[in-house]
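Here the sequence shown is numbered in numbering that gives the first Met the number 0, starting from 0 and rising by one per residue.
Backbone N, C-alpha and C fix where the C-beta goes; we use that ideal spot for every residue, glycine too.
See below for the structure under consideration.
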Amino acid sequence: MSQEPQNVTLTIRVIKSFPFRNVKPIILLNYDIKNNSAKDLYEHCMEHIQKTSAFLPFRKTPFDFLKVYNHAQRTKSLNLVVNFDHDDDSSWILDIENSSKKLCEYDIQNETEISMFVLKDYLKFKENPEEKW
């Protein structure tokens with residue numbers, strides 16, 4: 000049984016390349032965080048990438064991870080591409096396999112920014128965060 004919706008605006012930062020800062024946003028308006036899980040959000044973003052012509056260069060990238068870049072009204076990371084902090088904090092890492100934990104349970108609110116990327120690329124970039132642009 001679904002709860003009363005809580006609609007917010009979310010920015011999903013789709014990251015194709017960390018060193019080259021290849022990032023493209025998906026802006027989700029009126030997105031229901033009480034009835035949608037991280038899995039739902041991931042699937043919605045993947046569908047958007049496949050159907051939107053602006054994301055053509057991103058279509059073959061095997062995105063497999065969602066992480067909060069910054070919570071609304073809190074300090075932002077100094078890194079322009081991704082937030083290296085909070086790798087072990089369950090309110091910052093979204094489980095895209097879990098369809099029962101809703102987005103509001105991750106402390107996601109209006110204007111939260113979430114990064115979507117390939118985990119192995121993130122770990123490699125974190126070891127040596129050298130930008131090549």
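Residue environment: Leu93 is assigned as buried (16 or more neighbouring CB atoms within 10 Å of its CB, all protein chains considered).
Counting of Cβ neighbours within 10 angstroms places Leu122 among the exposed residues, the total staying below 16. The Cβ neighbour count for Thr51, taken over all protein chains shown within 10 Å, is under 16; the residue is labelled exposed. By the Cβ test, the segment 54-68 is in contact with the segment 101-119, since at least three Cβ pairs between them sit closer than 8 Å. A residue is called buried once 16 or more other Cβ atoms fall within 10 Å of its Cβ, and Lys119, having fewer, is exposed. Here Asn6 is exposed: its Cβ has fewer than 16 other Cβ atoms, across all protein chains shown, within 10 Å. Spanning the alpha carbons of Ile11 and Ser89 requires a straight line of approximately 18 Å.
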